[in-house]
Amino acid sequence: MLQTQFMMREEDSRDLQAVLERLAVDARARGVFVVDKTGQLIGEAGEMMGVDSTSLASLAAGCVAATGGLALIFGEEEFPTHYHQGERDNLHITLLGERMILLVVFDERSSLGLVRLRVKKAGGELARIFEEARKKSEAQAASTASPFADITDDDIDNLFSD
Amino acid sequence: MSFINYSSREINCKIVYYGPGLCGKTTNLQHIYAKTNPDVKGKMISLETETERTLFFDFLPLALGEIRGFKTRFHLYTVPGQVFYDASRKLILKGVDGVVFVADSQIERMEANIESLDNLKINLLDQGYALDSIPYVVQYNKRDLPNAAPLDEMRRLLNPTQVPDYEASAATGEGVFETLKAVAKGVLTNLKNMGPAQTNPESAR
Numbered sequence: 794m795l796q797t798q799f800m801m802r803e804e805d806s807r808d809l810q811a812v813l814e815r816l817a818v819d820a821r822a823r824g825v826f827v828v829d830k831t832g833q834l835i836g837e838a839g840e841m842m843g844v845d846s847t848s849l850a851s852l853a854a855g856c857v858a859a860t861g862g863l864a865l866i867f868g869e870e871e872f873p874t875h876y877h878q879g880e881r882d883n884l885h886i887t888l889l890g891e892r893m894i895l896l897v898v899f900d901e902r903s904s905l906g907l908v909r910l911r912v913k914k915a916g917g918e919l920a921r922i923f924e925e926a927r928k929k930s931e932a933q934a935a936s937t938a939s940p941f942a943d944i945t946d947d948d949i950d951n952l953f954s955d
Numbered sequence: 002m003s004f005i006n007y008s009s010r011e012i013n014c015k016i017v018y019y020g021p022g023l024c025g026k027t028t029n030l031q032h033i034y035a036k037t038n039p040d041v042k043g044k045m046i047s048l049e050t051e052t053e054r055t056l057f058f059d060f061l062p063l064a065l066g067e068i069r070g071f072k073t074r075f076h077l078y079t080v081p082g083q084v085f086y087d088a089s090r091k092l093i094l095k096g097v098d099g100v101v102f103v104a105d106s107q108i109e110r111m112e113a114n115i116e117s118l119d120n121l122k123i124n125l126l127d128q129g130y131a132l133d134s135i136p137y138v139v140q141y142n143k144r145d146l147p148n149a150a151p152l153d154e155m156r157r158l159l160n161p162t163q164v165p166d167y168e169a170s171a172a173t174g175e176g177v178f179e180t181l182k183a184v185a186k187g188v189l190t191n192l193k194n195m196g197p198a199q200t201n202p203e204s205a206r
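Taken in sequence, the protein lines are chains Y and B.
Just so we're aligned, residue 794 is where the first sequence starts under my numbering, counting upward by one.
Just so we're aligned, residue 2 is where the second sequence starts under my numbering, counting upward by one.
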């Protein structure tokens, strides 16, 4: 069944943030971002807080989607890791399960080997957090009404009353 | 797939503008970008060819305000309309919460409209969605052109199930925000009514 809603509860967000902050330090990364495959930013850590993370999320998802399309052409199910090398900054992109993308930005203070090592370790923890969040989302969707069940047409109209 | 973040109190939703090549999908987003308060919009991204045709997608994030303490953010995407970019169109529909079909009102583009609408239905089914199970509106664009087809005829061909539809001229902005409001309202209403996740591919038109 297709899941049409994904929720991150506060405790899951805290766990996620702790893993991302630790990864940023351990990998000596400038920034660490988690994006879902539809282009939504799920979490971020590191020293790049001023970056346009909304655009970053959308473009990273597009990049992963296009690369996944290329993989299919070659008979691969997926290319689970991509690496983009720049003059100053480098991007390491890894797929986390079927839904999430982990993006690590690093410069000369780190190395590809270190990033790969730390990403591998953090990847398992992140996958566990998202699996927990997914189960909770599904359980809530199956057992309770939407948290927005009581919004009214007026609430919606008010969004557009500029 | 909407994303609800309880920690940052945000709802994120994805709306895709679909339609044949040169129907005005990018022009819709450009008008929204131009006429929206800088506080509520992010940067508009256009991945286009050297001749300014959409190559992969356009992207415009909008923050519409708060609803019951949650910030509502809409991510607007266009697809490349040209027939041979079908692989890209499929990718962009991933996780869609609402669709705007932008039809080109010029009589000579009617075949292209029908082909694009059929393509939308097929590509949505590939993602596990049926067109009539997601918030969906139709925009008849370029109504200001002298060779525009009669509205009744367009409705008959492109909107047989009578979803909300709007006449527009994206180049002048007419009908652009009405279309956006209608699809955003559909997405939020869907969120309001959402219980268990559901799809019904067999009910595709």
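For every residue, glycine included, the Cβ atom is placed at its ideal position computed from N, Cα and C.
Close CB contacts of LEU889 of chain Y within its chain, under the 7 Å cut and outside five residues either way in sequence, are with LEU895, GLY916, LEU919, ALA920 and PHE923 (chain order). Across the structure, LYS26 of chain B and SER106 of chain B are spaced so that their CA atoms are roughly 13 Å apart.
Residue pairing for PRO62 of chain B: DSSP places it in a beta bridge opposite B:HIS76. Cβ contact annotation for LEU181 of chain B (same chain, cutoff 7 Å, sequence separation greater than five): ILE33, in chain order.
Below the 9 Å Cβ cutoff, chain B contributes ILE46, LEU48 and PHE60 as neighbours of LEU852 of chain Y, in chain order.
By DSSP's assignment, PHE826 of chain Y forms a beta bridge with Y:GLU837 and Y:LEU896. With its beta carbon at least 9 Å from every one in chain B, THR874 of chain Y lies outside the interface. Interface annotation, ALA185 of chain B: in contact with chain Y, CB-CB separation under 9 Å.
Within chain B, no residue has its CB atom less than 9 Å from the CB of THR860 of chain Y, the nearest being about 10 Å off. Around LYS72 of chain B, the same chain offers SER9, ARG10, GLU11, ILE12, ALA64 and GLY66 as residues with beta carbons nearer than 8 Å, after the five sequence neighbours per side are excluded.
Note that the C-beta distance between LEU849 of chain Y and VAL827 of chain Y is not below 9 Å. Residues of chain Y with a Cβ closer than 8 Å to the Cβ of TYR7 of chain B are, in chain order, MET800, MET801, ARG802, GLU803 and SER806.
Residue pairing by DSSP places ALA104 of chain B opposite B:TYR141 in a beta bridge.
Under the DSSP definition of a beta bridge, GLN128 of chain B lacks any partner. Sixteen is the threshold: since fewer than 16 other Cβ atoms of the shown chains lie within 10 Å of the Cβ of THR173 of chain B, the residue is exposed. Listed as beta-bridge partners of TYR167 of chain B by DSSP are B:GLN140.
Scanning chain Y for C-beta atoms nearer than 7 Å to the C-beta of ALA88 of chain B yields GLY862, reported in chain order.
Judged by pairs of C-beta atoms under 8 Å, the segment 821-835 of chain Y does not touch the segment 34-47 of chain B, as fewer than three such pairs exist.
From the beta-carbon of LYS193 of chain B, the residues of chain Y found nearer than 7 Å are SER939, PHE941, ALA942 and ILE944. In the three-state scheme derived from DSSP, where H, G and I count as helix and E and B as strand, ILE12 of chain B is classed as strand. Scanning chain Y for C-beta atoms nearer than 8 Å to the C-beta of PHE57 of chain B yields GLY855 and ALA859, reported in chain order.
Of all residues in the segment 135-160 of chain B, none has a C-beta nearer than 8 Å to a C-beta of chain Y. Inter-residue distance for THR860 of chain Y and ALA854 of chain Y is about 10 Å (C-alpha atoms, whole angstroms). Contact of THR27 of chain B with chain Y by beta-carbon distance below 7 Å is absent, the smallest such distance being about 15 Å. Listed along chain B are PHE4 and ASN13, each with a C-beta nearer than 7 Å to that of GLN833 of chain Y.
Boundaries of the alpha helix (DSSP H) harbouring PHE178 of chain B: 177-194, taken from the DSSP string. Note on the segment 849-911 of chain Y: whole beta strand (DSSP E) runs with a minimum of 3 residues are 874-878, 883-889 and 893-899, in chain order. Annotation: Cβ neighbours of ARG69 of chain B in chain Y (cutoff 9 Å, chain order): PRO940, PHE941, ASP943, ILE944 and ASP948. Check the Cα spacing between ALA838 of chain Y and each of Y:SER851, Y:CYS856, Y:ASP819 and Y:LEU852: the tightest is with Y:ASP819. Here the segment 117-131 of chain B does not lie against the segment 163-172 of chain B, with fewer than 3 beta-carbon pairs under 8 Å apart.
The C-alpha of PHE178 of chain B lies about 11 Å from the C-alpha of SER170 of chain B. For GLN810 of chain Y, the uninterrupted alpha helix (DSSP H) run begins and ends at 803-819, by DSSP.
Counted as a single uninterrupted DSSP element, the stretch harbouring ILE135 of chain B is not any beta strand (DSSP E), since DSSP gives it neither H nor E.
Between HIS877 of chain Y and ASN883 of chain Y the beta-carbon gap is near 6 Å, inside 8 Å, which marks them as a contact.
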